[in-house]
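Residue numbers for the sequence shown, in the UniProt record's numbering: 1 to 325.
For every residue, glycine included, the Cβ atom is placed at its ideal position computed from N, Cα and C.
Quick notes on the structure that follows.
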Amino acid sequence: MSTLENNQAIDFKANDAFSRAKGAVRTKVICHLGPKTKDPESISELVESGMNVACLNFAQGNTQQHLEIVQNLRMYLAATKRMCAILVDTRGAKARTGKLKNSQPVKLKGGSTVRIMPDLDFLGDETAFGVSYSNLSQVMAPGRDILIDDGLVHLVVTEINGKNVDCTVVADAVLGEQKGVNLPGIRTDMPTLTAKDEQDLILSCEQKVDIVAASFIRKAEDAKKVRQFLDTHGGSNIKMFSKIENQEGLENFDEILSLSDGILVARGDLGIEIPTEKVTIAQKMMIAKCNIAGKPVVTATQMLDSMINNPRPTRAETTDVANAV
């Protein structure tokens, strides 16, 4: 039966049209845990409400907070005999903005010029700021876009001045510290694992977590490096999921999939690195290939985002979840 034939036969009035068979739940729920959900009571509520995987975002928080979550979760699981996996989401080698004067966000005016400098110690303002990527001037060219803070800040390169990059601000925006910097369509030479990533992976091995989601996997060699690092540090039993977050990762998807235990579709950065309208197509492609390969695939970013503040999801969000499943 074709997809069209299957869909037209759906009885939307049936109460059990989308019910889950007991013991046959294929789709799992992953929850990011942080300072507000690290206590035993919150963890208990999350597991009992359906959390299958607890995700620790190592781009945020500190080691002590993460260890506290692991300890509280494992104590609860031991006492109740329930099951819940632990997934570590690495920070990855992503360019970020540097410090600003008085550590305060600055307003950038549309049409103005701003200089980007490869100097994290530089105290930036509305005329110039630093970034963590030292080779920015070598990979950029006039006319190229630079997107900061998930695209909230849009700059267009006008000139390369030595190691500095001069840009025009496309529209009024607010620039903050430690915000992600995306270079759509640009292949960078940033390392697969930063010093922080290596420390976090060693901690993950020591804590015997279940899954590591490696950020910004661009090619097969990246996946190999993460796998080898885990194996070398006692993490051979840890599953390695590759996060696909840019054009290069999509182009090399087949070889990345073959070397990974699973895939995480990171729609946030991916939606900045490639045209937004292509994210859905890329998502469908990756999910289908993972299904064929028999490997798990995670769809992430802005999933049920409105429920941070509201008790019910939007209609668009429920459709998004159904489409991912």
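Straight-line gap, residue i to residue j (C-alpha atoms, nearest Å)
i      : j      : result
Glu48  : Leu67  : 21 Å
Glu159 : Met140 : 9 Å
Leu270 : Ala79  : 40 Å
Ser44  : Asp305 : 22 Å
Asn237 : Asp210 : 8 Å
Ala324 : Gly50  : 18 Å
Val212 : Ala9   : 40 Å
Ala173 : Gly111 : 11 Å
Leu230 : Cys205 : 7 Å
Glu5   : Glu277 : 27 Å
Own chain residues within Cβ distance below 8 Å of residue i, not counting five before or after
i      : result
Arg96  : Val131, Ser132, Gln178, Lys179, Gly180, Val181
Met190 : Ala93, Lys94, Ala95, Tyr133, Phe216
Gly162 : Ser137
Cys167 : Thr113, Val114, Arg115, Ile116, Ile146, Leu155, Val156, Val157, Thr158
Glu198 : Phe229
Beta-carbon proximity list for residue i, same chain, < 7 Å, skipping 5 on both sides
i      : result
Ala220 : Asn252, Glu255, Ile256, Leu259
Met286 : Ile244, Phe253, Ile263, Val265, Val297
Leu203 : Thr63
Val169 : Leu108, Lys109, Gly110, Gly111, Ser112, Val114, Leu155
Gly185 : Gln247
Pick from the options that is closest to residue i, judged by C-alpha positions
i      : options                        : result
Lys99  : Leu175, Leu203, His233         : Leu175
Asn102 : Asn323, Asp89, Asp172, Asp121  : Asp121
Asp149 : Ala282, Lys278, Glu273, Met303 : Glu273
Ile30  : Gln302, Arg315, Thr314         : Gln302
Lys107 : Arg115, Asp125, Arg91, Gln199  : Asp125
Asn291 : Phe229, Asp261, Arg144, Asp231 : Asp261
Lys109 : Leu152, Val88, Gln138, Leu77   : Leu152
Arg82  : Leu46, Thr3, Ser112            : Leu46
Gln60  : Gln283, Arg312, Asp89, Asp166  : Asp89
Gln71  : Pro40, Asn52, Lys225, Thr314   : Pro40
Met75  : Lys196, Leu201, Thr299, Lys38  : Lys38
Gly268 : Val53, Thr299, Lys289          : Thr299
Gly235 : Gly249, Arg218, Asp200         : Asp200
Gln104 : Asp222, Lys224, Leu123         : Leu123
CB contact flag (residue i, residue j, <9 Å)
i      : j      : result
Leu73  : Cys84  : yes
Ala128 : Ile116 : yes
Ala214 : Thr192 : yes
Residue i beta carbon near the ligand GTP (any heavy atom closer than 8 Å)
i      : result
Arg267 : With respect to small molecules bound, the structure shown includes none, and the ligand GTP cannot be examined in it.
Uninterrupted beta strand (DSSP E) stretches inside the region 168 to 229 (no shorter than 3 residues)
Counting only runs of 3+ residues, the beta strand (DSSP E) found wholly inside the region 168 to 229 occupies 173 to 175, 211 to 214, in chain order.
Ignoring anything shorter than 3 residues, give me the beta strand (DSSP E) runs that lie fully in the region 59 to 136, in order along the chain.
The region 59 to 136 contains these whole beta strand (DSSP E) runs: 85 to 89, 106 to 108, 113 to 117, 128 to 130.
Where are the beta strand (DSSP E) runs, 3 residues long or more, that stay fully inside the region 291 to 319, in chain order?
Here the runs fully enclosed are 297 to 300.
Ranges of the beta strand (DSSP E) found wholly within the region 229 to 273, counting only runs of at least 3
For the region 229 to 273, whole beta strand (DSSP E) runs of length 3 or above, ordered along the chain, are 239 to 244, 262 to 266.
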